[in-house]
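Accompanying notes for the structure given below.
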Amino acid sequence: MIEFHNVTKRYEGGFEALNNVSLQLDDGQMAFITGHSGAGKSTLLKIIALIEKPTRGQALLNRVNLNTLPRQRIPQLRRNIGIIFQDHQLLFDRPVFDNVALPLHIQGYRPQEIAKRTRAALDKVGLLHKEKSMPITLSGGEQQRVGIARAVVHKPMLLLADEPTGNLDPVLSREIMQIFVDFNQVGVTVLVASHDLRLIDELDKPRLTLNGGKLILNDLNHSDADQRNGIIDGSY
Amino acid sequence: MARTNTKRRRPPTTNRISAYLLHHLQSLVFSFGKIYHAPATTIMTVAVIGITLSLPGGFYLFLKNIDALSGDLRSSTQISLYLDLKTSEKQARALEKSIAAMDDVAVTRFISREQSLEDFRRDSGFGKSIDTLSSNPLPHTIVVEPGDVETFTVRSLQNRLQAMPEVEIAKLDTEWLERLYTIIEIAKRSVTIITILFAFAVLLIIGNTIRLDIQNRYQEIIVTKLIGATDAFIRRPFLYGGIWYGLLGGVTSWLIVEIGYLAISGPLARLNLLYKSDMNLITFSFQDFIVLITSSTLLGLAGSWIAVARHLNQIEPT
Numbered sequence: 000m001i002e003f004h005n006v007t008k009r010y011e012g013g014f015e016a017l018n019n020v021s022l023q024l025d026d027g028q029m030a031f032i033t034g035h036s037g038a039g040k041s042t043l044l045k046i047i048a049l050i051e052k053p054t055r056g057q058a059l060l061n062r063v064n065l066n067t068l069p070r071q072r073i074p075q076l077r078r079n080i081g082i083i084f085q086d087h088q089l090l091f092d093r094p095v096f097d098n099v100a101l102p103l104h105i106q107g108y109r110p111q112e113i114a115k116r117t118r119a120a121l122d123k124v125g126l127l128h129k130e131k132s133m134p135i136t137l138s139g140g141e142q143q144r145v146g147i148a149r150a151v152v153h154k155p156m157l158l159l160a161d162e163p164t165g166n167l168d169p170v171l172s173r174e175i176m177q178i179f180v181d182f183n184q185v186g187v188t189v190l191v192a193s194h195d196l197r198l199i200d201e202l203d204k205p206r207l208t209l210n211g212g213k214l215i216l217n218d219l220n221h222s223d224a225d226q227r228n229g230i231i232d233g234s235y
Numbered sequence: 000m001a002r003t004n005t006k007r008r009r010p011p012t013t014n015r016i017s018a019y020l021l022h023h024l025q026s027l028v029f030s031f032g033k034i035y036h037a038p039a040t041t042i043m044t045v046a047v048i049g050i051t052l053s054l055p056g057g058f059y060l061f062l063k064n065i066d067a068l069s070g071d072l073r074s075s076t077q078i079s080l081y082l083d084l085k086t087s088e089k090q091a092r093a094l095e096k097s098i099a100a101m102d103d104v105a106v107t108r109f110i111s112r113e114q115s116l117e118d119f120r121r122d123s124g125f126g127k128s129i130d131t132l133s134s135n136p137l138p139h140t141i142v143v144e145p146g147d148v149e150t151f152t153v154r155s156l157q158n159r160l161q162a163m164p165e166v167e168i169a170k171l172d173t174e175w176l177e178r179l180y181t182i183i184e185i186a187k188r189s190v191t192i193i194t195i196l197f198a199f200a201v202l203l204i205i206g207n208t209i210r211l212d213i214q215n216r217y218q219e220i221i222v223t224k225l226i227g228a229t230d231a232f233i234r235r236p237f238l239y240g241g242i243w244y245g246l247l248g249g250v251t252s253w254l255i256v257e258i259g260y261l262a263i264s265g266p267l268a269r270l271n272l273l274y275k276s277d278m279n280l281i282t283f284s285f286q287d288f289i290v291l292i293t294s295s296t297l298l299g300l301a302g303s304w305i306a307v308a309r310h311l312n313q314i315e316p317t
C-alpha cells in the first residue's frame, strides 16, 4: 500500500523533516507513527496525502509514484484515502450530516446513496442522533468522531490520522483508537501518528518511531534489523 | 490493483453524468442561496454593478432616441427651388411635372407666386407694407422631397436642379443637420468608450467580490481539496456566484434606466405638446434587454473566472 524508499524531505530554509526514511506498509496493516513533536510524523503523513512532495527518494501509494504524479491526478488518488486531523477540520457553517456527506458529494454519488452511506458512517461512530446538529454544539470527542465518519464514509482503502486523540481525555482517546482498530479489522489499512505511548502500548500494533526525521524503529515485517537495534540499545 | 479498486469504487457512468448535472444544479442553487442569505453584501454588490451598467445603458437609450429623432428630421429633407421671376406659371407647372418624374425625387409641391404672397401676408404680419408694393417680388416655388435622404445623392440632386435654366436658387437647408450628425457620431463613439470602461469596472467589481468570497471560504476549500475535490468542483460555485451577480446587476441596471426614463417622460410629453410633435420616447426593446442581461451575466462569469484562476490555485493544504 505505502512504500518509502530513502525519502528525505527538506523544507525551504534547510530544515530536514525526514531523513532517508524507508518503509513498507502492506494492504490491511495497521501501524502507529510515534516520536516527539517535530520528529517528522506529520511530514510523513503529508507525503502520503500528497500535501508535500519528497525532496529526495521515492514515495509510492498503491504503486503510484507520488513524486511525479501530475497535479490533476491528485484528487482521484486522494479519494482512496481518508484523513483525520487533530483539529477535526470540520466545516462549521453546515450540520453534521453535510460535513460527513462531503466526500460522497465530491465523488458524485446520488442523493439517496449519499443519505444511506452518511447515516451508516454516523451510526458507526455512534452519532446518528446528532446528524442535524451543528458541529459547534458538539463536544471535542464528538467532533473528532464526526471527522472520522467523514474520513470513512466513502470507504477508503487507507486511513491516515494525525494525532487524532491529541486534545481528548484518556477514555475518549481509547474509544477513538478502538474505532480505528475496528476499521482495520474489516480490511482498511490504517496509519496513525500519535505520541500517546501508553495507549499505543495497549493496542499491540507495529510502530514506526521517528526521531529528528530519522526512522529509528520499524516494527513492520520489512523492518531493518539495524533500525530495530535503536530501541534495544536505548537510544530512544 | 489500485486502478481496479478505483474503478470498482466509482458509481456507474450514467449515475456519474446525472450526478455531474446535479452538482451543476446544486452549485447554481447553492450559490444563489449563499448570496440570498447575505443580503447586505449582495445588495451592495448588485447595486454597484447595476449603477455602473445603467450609465452606458442610459447613454445608449439617449442616443437611440436622438437617432430616431434625427431620422425623422432627415426624412423631412427638402430642396426649395426658387424659379426665375420671368418664368410663367404654366412653364413652372410643367417643370414641376418633369422634376416629379425624376427617379430620385419622392414628392414635389408647387407654390405659386400669388400663394406665396398670400402666405407671407398672412403669416408675417407685414400685410400692410406688402400692399404698398407695386408688383409681387416673390418667385414661383417648387418644393422637392428627395427619394433618398443620403447626403451624397441629395447633394447631386441639388446640383442637377440648380443647373436647370428656370431655377434661380436650389436651396438645401440641411447643413445644421449634418452638424448634428457629426455630433451624434462623436457621442456614439464616446458611449462605446464609456461602455468598455464600465464593463471593465464591472469585471473588477465582480472579480473582487468573488476574491473576498474565496478568502472567506478558505477553510472549506482546503478541506474539500484534501478529500479529493477536483479544481472544477471547487471552482463551480464561485463561477455561478459571478453569474448571479452579473445577472442581478444587469436586471438592476435595466430597472434604473427604465425608472429614469419614466421620470423624464412627464416633461417630455409637455415638450411634445409645445412642439406639436408626436415623438415617442424609445425605451429598451426586448432585444436590448436580452443583450444587456446576457452581457452583464457574461461579465459576471468572466470576472469570477479571473478571480478564481488567480486565487484558487494558490490555496493548497499545508
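Those protein sequence lines, which keep their order, are chains B and G.
Under numbering that gives the first Met the number 0, the final residue of the first sequence carries the number 235; numbering is consecutive throughout.
Under numbering that gives the first Met the number 0, the final residue of the second sequence carries the number 317; numbering is consecutive throughout.
The beta carbon of each residue, even a glycine, is placed where N, CA and C say it ideally should be.
Between the CA atoms of MET0 (chain B) and ASN18 (chain B) - distance to the nearest angstrom: 21 angstroms
Inter-stretch contact at 8 angstroms, needing at least 3 Cβ pairs: the segment 175–190 of chain G / the segment 124–133 of chain G: no
Candidates B:GLN177, B:ASP92, B:GLU174 and B:THR164, of which the one nearest ASP195 (chain B) by Cα: B:THR164
For ALA169 (chain G), the residue or residues it bridges with in DSSP: G:LEU80
Cβ separation of THR33 (chain B) and THR208 (chain B), assumed to be a contact under 8 angstroms, to the nearest whole Å: 5 angstroms
PHE58 (chain G) burial status per 10 Å Cβ neighbour count (16 or more: buried): buried
Euclidean distance between Cα positions of LYS96 (chain G) and LYS85 (chain G): 19 angstroms
Residues, ordered as in the chain, of the segment 20–32 of chain G that lie near chain A by beta-carbon distance below 7 angstroms: Among the protein chains in the structure shown, which are B and G, there is no chain A.
ASN4 (chain G), buried or exposed, once every other Cβ within 10 Å from all chains shown has been counted against 16: Annotation note: pLDDT 45 at ASN4 (chain G) (below 50); position unreliable, coordinate value reported separately. Exposed, by the Cβ-count rule.
Neighbouring residues, chain G, relative to GLY212 (chain B) (Cβ below 7 angstroms): Simply none; closest approach about 18 angstroms.
Contact set for ILE242 (chain G): own chain, Cβ-Cβ below 7 angstroms, skip 5 residues either direction: THR296, GLY299 and LEU300
Closer than 9 angstroms at the beta carbon, the chain G residues around GLN88 (chain B): GLN218, ILE221, VAL222 and LEU225
Under the three-state DSSP convention, the category THR208 (chain B) falls into: strand
Contact set between PRO316 (chain G) and chain B, taken where Cβ atoms lie within less than 7 angstroms: ILE50
Under 8 angstroms between C-beta atoms of GLU162 (chain B) and SER138 (chain B): no
Contact with chain G by GLN184 (chain B), beta-carbon distance below 8 angstroms: no
Cβ-based neighbour list, ILE305 (chain G), same chain, cut-off 8 angstroms, excluding 5 preceding and 5 following: LEU202 and GLY206
Reference PHE119 (chain G); option with closest CA among G:ALA105, G:VAL106, G:ASN135 and G:THR107: G:ASN135
Cβ of ALA228 (chain G) within 8 angstroms of any chain B Cβ: yes
Bounding residues of the beta strand (DSSP E) (the contiguous stretch that carries PHE31 (chain B)): 29–33
Nearest to HIS310 (chain G) (by Cα), restricted to the options G:GLN214, G:GLU165 and G:LEU94: G:GLN214
6 angstroms CB neighbourhood of LEU171 (chain G) in its chain, flanking five on each side removed: ILE78 and GLN157
Buried versus exposed, by CB contacts within 10 Å (16 or more), VAL28 (chain G): exposed
Residue range of the unbroken beta strand (DSSP E) whose run includes VAL124 (chain B): Where VAL124 (chain B) is concerned, there is no enclosing beta strand (DSSP E), given that its DSSP letter is neither H nor E.
Among G:SER284, G:SER294, G:THR251 and G:SER115, nearest to ILE50 (chain G) - alpha-carbon criterion: G:THR251
Assigned secondary structure, ASN312 (chain G) (DSSP; H/G/I helix, E/B strand, else coil): coil
Option in G:THR150, G:ALA268 and G:LEU52 with minimal Cα separation from ALA200 (chain G): G:LEU52
Chain G contact for PHE14 (chain B) (CB, 8 angstroms cutoff): no
Beta carbon of ILE83 (chain B) nearer than 8 angstroms to that of THR317 (chain G): no
Whole alpha helix (DSSP H) elements within the segment 127–185 of chain B, 4-residue minimum: 139–151 and 169–184
Any C-beta of chain B under 8 angstroms from that of ALA1 (chain G): Note that ALA1 (chain G) scores a pLDDT of 42, beneath 50, so its modelled location is shaky; the value from the coordinates is reported in the next line. At least one chain B Cβ lies under 8 angstroms of ALA1 (chain G).
Contacts that PHE232 (chain G) makes with chain B (C-beta to C-beta distance below 7 angstroms): ILE105
Residues that DSSP places opposite GLU15 (chain B) in a beta bridge: B:ARG9
Exposure label - PRO69 (chain B); buried when at least 16 CB within 10 Å: exposed
Per DSSP, cross-strand counterpart(s) of ASP82 (chain B): Residue identity differs from the one stated: residue 82 (chain B) is Ile in this sequence, not Asp. Bridge partners of ILE82 (chain B): B:LEU159.
Closest residue to LYS204 (chain B) among B:GLN177, B:LEU214, B:ASN210 and B:GLY211 (Cα-Cα distance): B:GLN177
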